[in-house]
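Okay, structure first, notes after.
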Amino acid sequence: MFDFFKKKKDSVEESGKLEMNKEMFLSTMKVITDYTQRDVIKIELSNDECSIFDSKFGGLPYLGVDDEVPLSTDNKQLRLLGQINFADLPMNSYQLEAGLLQFWAMDNDLYGLDFENMISQAESRVIYYSSIDKTVSESQILNKYHPEGEGYFPIVDNFKLHFIGGEEGISIGDYHFDGLFTQEWNNLYPNNLISSYYDLPDEILYEDEFNEFSGFGHKMFGYPAFTQEDPRSSEKYDDYILLLQIDSVGIGDKEIMWGDSGICNFFITKKDLENKNFSKVLYNWDCY
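Using the UniProt record's numbering, the first residue of the sequence shown is number 1, and each one after it goes up by one.
Following this line, the structure appears as structure tokens:
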């Protein structure tokens with residue numbers, strides 16, 4: 001069970017227990033998920049063969065004829081986490097229709113994460129190609145793609161990506177959630193006031209209905225999930241939205257594993273996304 005479900009409900013007095021039940025929780029969730037709807041593109045994985053031009057997690061990247069593999073600050077090649085061919089995406093409000101977006105990271109024990117500066121891209125990178133050269137061959141890329149690493153990389157082999165457009169409401173892991181939930185609960189139930197959703201009893205916090213709003217899974221946009229805490233709670237990242245989320249999963253003998261069954265998120269500001277500026281993307285992953 002997720003760590004953020006385990007926090008104790010210190011603000012509830014032992015005497016005079018409040019009335020709280022699953023129906024009250026679901027009624028509150030309906031209110032806030034209805035008014036926090038935003039576009040999401042869910043991602044399904046398959047074992048289908050992947051070309052260098054396909055949307056995929058892991059595998060051999062696309063590189064233009066004159067392009068080199070991105071390097072870390074100490075001149076080591078990064079490894080491809082994934083790439084999204086915008087031509088594969090359903091229609092979306094972000095007008096991502098052409099080009100290729102790649103996500104890279106260092107193969108080390110932190111997967112290239114910089115805890116001190118999560119937008120540094122010192123050992124991670126997000127690269128956008130506005131166009132794709134279909135004359136490039138796999139052999140050309142193999143001649144220059146030789147990523148260095150320590151055998152820690154979270155993605156074993158590669159997975160082809162398939163996209164489904166839709167909408168979703170706020171997730172429990174989003175750092176805005178607690179304030180919104182508390183406000184709406186207190187509006188609906190003024191005789192059962194709470195100071196945090198952690199005031200809810202365990203029989204609600206551990207129910208499947210609660211987990212349905214966790215936000216886990218592979219996706220672009222929508223709302224994120226975490227096994228720990230949302231890094232955007234810092235004021236300097238307040239305007240960042242989810243760009244891509246890669247969850248831990250296994251398909252046959254292939255897997256994606258972020259530490260101990262963790263999850264990875266990339267965030268970007270709406271302005272940078274509109275301008276196709278991926279130089280300040282926030283990269284985060286956490287695990288149990």
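Heads up, the beta-carbon is just placed ideally off N, CA and C, and yes, glycines get one too. Because the structure is a prediction, the values reported are computed rather than measured.
Buried versus exposed call for residue i [16 or more other C-beta atoms within 10 Å across all chains shown]
i	result
residue 154	buried
residue 91	exposed
residue 35	exposed
residue 227	buried
residue 253	exposed
residue 193	exposed
Three-state secondary structure (DSSP) of residue i
i	result
residue 126	strand
residue 141	helix
residue 117	coil
residue 81	strand
residue 250	strand
residue 179	helix
residue 23	helix
residue 244	strand
residue 283	strand
residue 184	helix
residue 189	coil
residue 274	helix
residue 32	helix
Strand pairing of residue i, partner residues [DSSP]
i	result
residue 46	160
residue 165	41
residue 56	83, 160
residue 265	245, 284
residue 220	41
Alpha carbon of residue i to alpha carbon of residue j, nearest angstrom
i	j	result
residue 18	residue 28	16 Å
residue 210	residue 114	32 Å
residue 269	residue 87	22 Å
residue 214	residue 206	12 Å
residue 282	residue 108	18 Å
residue 259	residue 184	36 Å
residue 58	residue 234	30 Å
residue 212	residue 37	15 Å
residue 55	residue 82	7 Å
residue 44	residue 263	15 Å
residue 265	residue 245	4 Å
residue 238	residue 73	27 Å
residue 130	residue 138	20 Å
residue 103	residue 280	13 Å
Start and end residues, beta strand (DSSP E) containing residue i
i	result
residue 237	That residue, residue 237, is in no beta strand (DSSP E); it is neither H nor E in DSSP.
residue 104	100 to 105
residue 193	First-last for residue 193: undefined, no H or E at that position.
Interface flag, residue i vs chain C, CB-CB below 8 Å
i	result
residue 230	In the structure shown, chain C cannot be found, because there is only a single protein chain.
Limits of the unbroken alpha helix (DSSP H) element including residue i
i	result
residue 210	208 to 211
residue 202	202 to 205
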